[in-house]
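One structure below.
There are 2 protein chains.
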Amino acid sequence: MDQLELNPIYIAGHLNPDIDSIASAMGYAWLLHERDGKNAIAVRTGSLTAQTSWLLQTLGLEPPMLLNDASPRFNRIARPLPPILPDRPLHEALSIISSYSIGVPIVGSDNVPLGLVTGGSVFKLLSNQIRTLVDFEKVSVATLLSIKCRESMDPEVPRFPLSMRVSDARRKVLNEERNDFIVTRDDGTYFGVCRSPDVLTPPKMQLILVDHNEVSQSIRALEEAELIEVIDHHRVGTQSTITPIPFYIDCVGSTSTLISERIIASGLMPPPAIVALLLAGVISDTLLLASPTTTKRDHIIVERLMELVRKSGILPYKDHKEFGDALFSVSSSLSVLSPDKIVTTDLKLYNMNEKQFGLAQIEVGNLNELGPRVKEISEALEELCESKGLEFAVLMVTDVVRANSRLVVAGNQALLKDLPYTPLADHTMDATGIVSRKKQLLPVILGFLE
Amino acid sequence: MDQLELNPIYIAGHLNPDIDSIASAMGYAWLLHERDGKNAIAVRTGSLTAQTSWLLQTLGLEPPMLLNDASPRFNRIARPLPPILPDRPLHEALSIISSYSIGVPIVGSDNVPLGLVTGGSVFKLLSNQIRTLVDFEKVSVATLLSIKCRESMDPEVPRFPLSMRVSDARRKVLNEERNDFIVTRDDGTYFGVCRSPDVLTPPKMQLILVDHNEVSQSIRALEEAELIEVIDHHRVGTQSTITPIPFYIDCVGSTSTLISERIIASGLMPPPAIVALLLAGVISDTLLLASPTTTKRDHIIVERLMELVRKSGILPYKDHKEFGDALFSVSSSLSVLSPDKIVTTDLKLYNMNEKQFGLAQIEVGNLNELGPRVKEISEALEELCESKGLEFAVLMVTDVVRANSRLVVAGNQALLKDLPYTPLADHTMDATGIVSRKKQLLPVILGFLE
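Structure follows, in structure tokens:
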């Protein structure tokens, strides 16, 4: 993570990101960079789906960097002060100390840190020297200052690796008399130094959330970041902020639609790969404009983006349907994934009245694929409930083409047995005509729990 | 409330509305009506300030209707079925019952309801008649059907007044064998009928919130309404919604700016009075564009609105400053209000970590006005804390012209004594340079409680 600039803005979709989350993060990062000159960086908060990987590869785009949690790490606060070798004279260290007001790192020839020369360590050396001198008037200051750094160095200074969470070092630093510390690369070599105030109140990571606003669906340690903006198309389920921030939710089929609208309004022209990515975001989240979440605005955006894509020649498809067919045919199919993967790949967690529950979704070519696997999927769902402490979990297996779903339910099933879906012999439920988790399944379940 | 249409959209600002809340509600109602053909109605959720009353009067605008809470009342579910007189024959009632599937109201000549003829009451009458007849073959149906309604009527049917909250009748209806009820005007005369399903699950009031999003600052019984949109410029402090709704927060100086931007984007031209009202909204919320919440967008909007106002000739001021001076000179002054009014006129409640607290604000011409009244204001604040169960309350007395404030604090003062404001001899605190409750005072206090 060395290469990160000091104050970037990270743009993150939800956990288990789908194409819409990845596309809207990358599209918005492009806009903020081009329009506003911001150092905006799209990140992913989990593994890419097979669909997204295929898409990025097809478009020649690098996957966004993985950001597992929003807790600041030592790379955020380390100062890459140039180190000096242990045999250099003390005055070299002293001039650095007075310039930077921080201890000077001493490294061996292999670049492994040996310790710090600090104001305190120098004072200790000098007072020892002076105490043991019989006649200190005869010793010049120059002699003292030519002592090797090695002798004046504090070798016990704590070292923290770059990738460590700053919050995990807080207790140690609070109990420590020293103020300056060493930061190492993950291979143990020297990277920089840091000071205790940086550890106790590290600068927060600036974060923009796209395609979600619920804390339970967001990057770990969100509370340690500074949330600066939200752009989404889901229900409001967020927590309070301290100050006003731009917070946009609008009822369209995909966040990619909202980002595309902003790009079009900016008058800027994104690279064809970004256009195609946003088009895929709209197509996948609206299930080829067929989901009940689809609005006129999504239709208009698909038309505009398709027009731009066609001009650029980046995609070999004659219309958005052909592109969608190619996209959906890569969809992680029921038949190849492990039960564990099936229930977690596109899992979202929700809270209602102190109850937490999970709704997972998977797209299939044919609902008949489900039959032979119901038992193991049920078991995986039960395990999920236990490991995450969920009241219940539902897997929605959706046939995109025929616009139907089947539900597999685990956990507190008694609670859900009165859902308005027909129970089938294999203990699944028939949800004919239901394809949208957000707009069709979730409201029914929330209404149920209310 | 008889005149309300069945499915209006109400647009409400925060409790204790200021000019920005009233202006943005009225401006947005105008836009939704003109652009989208909606039956949008701006409402106020409390008394108008002296400033707002003066402004509306000057502009020749009616104050928005008062809406005290969002709980549906009987006017929402009453069906104005035409009543019949007690001496009319039963067959008239029966034909109405079969058309409307609801009991037929019988009223006296003074229009006071006497009871309902329902399927059940008719059946009871007929079976009594038939049981007492010696030879019922000789009695024609026509004879039965010419019995007067009075004899077949159920006089014990519960009556509910139009202005009663439907939720307050729920328990009675649950314990009632009858399904049909009478709704009366507030003077006791007949208005209509209603059925038990309407009482048990009344249609929710459609509500748009402007200039606030926190439940504690919103209309009473918000949870009984259907929240359909939020437009605001304060911190996010809302509760979850069941489905996605348009939810816009943006960091500008006033909600009137956001509404004006939408009106300008629509290409429509509002009446001069609405333009002037929105201008006053921006001017008052940004303290004449001097508050730290002011953005370039507010400046642009003031310029645009001022231009339109000048053309229309509705205001006799040469620029926004003159208009602002006129507006602020009406401000409810410290010297005329009761201590109770001073601490509640512009009071907002907040929640943080289960603690509730209140921040009130009042604008003055000169902070010296405060001196002689500190004691009684402190007492009023203490009473406020007790009556509302607040952890603490702060009154921010703001000199708009010199951009300074003085704070009076009550409740758990120990908690607040370390606030970064200078304590003065009269037990107030000096907050020089602080004028914005939202952007300057609230973040400090939230940071403090965190």
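Protein chains in written order, with the numbering used here: chain G, 376 to 825; chain Y, 376 to 825.
Glycine included, each C-beta is placed from N, C-alpha and C at the ideal position.
This structure is a prediction, so every number in the text was calculated from the model and none was measured.
(message) Would you say Y/Q378 lies against chain G (beta-carbon separation less than 9 angstroms)?
(response) Confidence is the limiting factor: at Y/Q378 the pLDDT is only 37, short of 50, which leaves the residue's position unreliable, though a coordinate-based value still follows. Against chain G, the CB of Y/Q378 has no partner CB under 9 angstroms away; the residue lies outside that interface.
(message) For G/E825, would you say it is in contact with chain Y, using Cβ-to-Cβ distances shorter than 9 angstroms as the test?
(response) Chain Y places a beta carbon closer than 9 angstroms to that of G/E825, counting this residue as a contact.
(message) Can you check which of these residues, G/M528, G/I505, G/D529, is closest to G/E518 by C-alpha distance?
(response) One detail in the question is off: residue 518 of chain G reads as Thr in this sequence, not Glu. G/T518 has its Cα closest to that of G/I505, out of G/M528, G/I505, G/D529.
(request) Give me the Cα-Cα distance between Y/T720 and Y/G412, rounded to the nearest whole angstrom. (result) Between Y/T720 and Y/G412, the alpha-carbon positions lie close to 35 angstroms from each other.
(message) Cutting at 7 angstroms between CB atoms, please list the residues of its own chain near Y/Y526, excluding the five before and the five after it.
(response) Note that residue 526 of chain Y is Glu in the sequence shown, not Tyr. Excluding the 5 residues flanking it on each side, Y/E526 has same chain C-beta neighbours closer than 7 angstroms at L500, in chain order.
(message) Restricting to runs no shorter than 4 residues, where is the alpha helix (DSSP H) found entirely within the stretch 397-446 of chain G?
(response) Listed in chain order, the alpha helix (DSSP H) elements of length 4 or more contained wholly in the stretch 397-446 of chain G are 425-434.
(request) Name, please, each residue of chain G whose Cβ falls closer than 7 angstroms to the Cβ of Y/S615. (result) Within 7 angstroms Cβ-Cβ: R610, V611, G612.
(request) Name the residue from Y/I638, Y/M804, Y/I620 whose alpha carbon lies nearest to the alpha carbon of G/D612. (result) The residue you asked about is not Asp; residue 612 of chain G is Gly in the sequence shown. Minimum Cα distance to G/G612 is reached at Y/I620.
(request) Kindly identify the DSSP beta-bridge partner or partners of G/K723. (result) Secondary-structure assignment with DSSP links G/K723 through a beta bridge to G/L734.
(request) Give, in chain order, every residue of the stretch 385-409 of chain Y whose Cβ lies closer than 7 angstroms to some Cβ of chain G. (result) Taken residue by residue, none of the stretch 385-409 of chain Y has a beta-carbon sitting less than 7 angstroms from a beta-carbon on chain G.
(message) Please list the terminal residues of the continuous alpha helix (DSSP H) segment that includes G/F703.
(response) Run containing G/F703: 695-704, per the alpha helix (DSSP H) assignment.
(message) Please return the same chain residues whose Cβ sits closer than 7 angstroms to the Cβ of G/T616, not counting the five positions on each side in sequence.
(response) L602, listed in sequence order.
(message) So for G/T669, helix, strand or coil by DSSP?
(response) Here G/T669 sits in coil by DSSP.
(message) For a contact defined as C-beta to C-beta under 9 angstroms, what are the partners of Y/F767 on chain G?
(response) By Cβ distance, chain G contributes nothing, its closest Cβ being about 18 angstroms from Y/F767, past 9 angstroms.
(request) Measure the C-alpha to C-alpha separation of Y/L469 and G/E825 and round it to an integer number of angstroms. (result) When only Cα atoms are considered, Y/L469 and G/E825 end up about 40 angstroms apart.
(request) Taking Y/K579 as the reference, give the member of Y/A453, Y/I820, Y/R448 with the closest Cα. (result) In terms of Cα proximity to Y/K579, the closest of Y/A453, Y/I820, Y/R448 is Y/R448.
(request) Check whether the stretch 640-651 of chain Y touches the stretch 647-666 of chain G, taking contact to mean three or more Cβ pairs, one atom from each stretch, closer than 8 angstroms. (result) By the Cβ criterion, the stretch 640-651 of chain Y is not in contact with the stretch 647-666 of chain G, since fewer than three pairs of Cβ atoms, one from each stretch, lie closer than 8 angstroms.
(request) Output yes or no for whether 9 angstroms exceeds the beta carbon distance between Y/I583 and Y/I452. (result) Taking 9 angstroms as the Cβ cut-off, Y/I583 and Y/I452 do not qualify as a contacting pair.
(message) Can you find the residues in the same chain that come closer than 7 angstroms, C-beta to C-beta, to G/A404, ignoring five residues on each side of it along the sequence?
(response) Contacts found: I386, A415, I416, A417.
(request) List the residues of chain Y whose Cβ lies closer than 7 angstroms to the Cβ of G/L822, in chain order. (result) Going by the sequence as given, residue 822 of chain G is Gly instead of Leu. Under the 7 angstroms cutoff, chain Y gives I617.
(message) I'd like to check one pair, Y/T493 with Y/D529: are the Cβ atoms closer than 9 angstroms?
(response) Yes, the Cβ-Cβ distance between Y/D529 and Y/T493 is below 9 angstroms.
(request) In angstroms with no decimal places, state the Cα-to-Cα distance between G/D625 and G/V657. (result) Roughly 14 angstroms separates the two Cα atoms.
(request) Give, in chain order, every residue of the stretch 570-592 of chain Y whose Cβ lies closer than 7 angstroms to some Cβ of chain G. (result) Those residues of the stretch 570-592 of chain Y that come within reach of chain G (Cβ to Cβ, closer than 7 angstroms) do not exist; the list is empty.
(request) Check distances from the C-beta atoms of the stretch 623-637 of chain G to those of chain Y and list, in chain order, the residues that come in under 7 angstroms. (result) Flagged, chain order: Y623, I624, D625, C626.
(request) Just confirm the distance between the C-beta atoms of Y/G388 and Y/H695, as a whole number of angstroms; I'd bet it's less than 8 angstroms. (result) Taking 8 angstroms as the upper bound for CB-CB distance, Y/G388 and Y/H695 are not in contact here, some 22 angstroms apart.
(request) Counting only runs of 3+ residues fully inside the stretch 583-657 of chain G, write out the beta strand (DSSP E) ranges in chain order. (result) As for any beta strand (DSSP E) of minimum length 3 sitting wholly inside the stretch 583-657 of chain G, the runs are 601-607, 622-624, ordered along the chain.
(message) Tell me the DSSP secondary structure of G/K750 in three-state form.
(response) Annotated three-state conformation of G/K750 is helix, per DSSP.
(request) Using a cut-off of 8 angstroms between C-beta atoms, extract the partners of Y/I620 located in chain G. (result) In chain order: R610, V611, I624, C626.
(request) Just tell me which of G/M804, G/S446, G/T564 has its CA closest to the CA of G/E599. (result) In this structure, G/S446 is the residue among G/M804, G/S446, G/T564 with its C-alpha nearest to the C-alpha of G/E599.
(request) Could you tell me if Y/Q788 is buried or exposed, where buried requires 16 or more neighbouring beta carbons within 10 angstroms of its beta carbon? (result) Y/Q788 should be labelled exposed.
(request) Give the DSSP-derived three-state secondary structure of G/V677 in the structure shown. (result) Under the three-state reduction of DSSP output, G/V677 falls in the helix class.
(message) Let me see if you follow: with CB-CB separation under 9 angstroms, is Y/M681 close to chain G or not?
(response) No - not a single Cβ of chain G is within 9 angstroms of the one on Y/M681.
(request) Tell me whether Y/Y725 is buried or exposed, calling it buried when 16 or more other Cβ atoms sit within 10 Å of its Cβ. (result) Counting Cβ neighbours within 10 Å, Y/Y725 comes out buried, since at least 16 surround it.
(message) Rounded to whole angstroms, what is the Cα-Cα separation between G/V497 and G/H466?
(response) Their Cα atoms are separated by approximately 10 angstroms.
(message) Against chain G, which members of the stretch 705-728 of chain Y pass a CB distance test of less than 7 angstroms?
(response) So the list is empty, because no residue satisfies the distance condition.
(message) Checking 9 angstroms against the spacing of the C-beta atoms, do Y/L690 and Y/V810 come in under that value?
(response) Contact: no.
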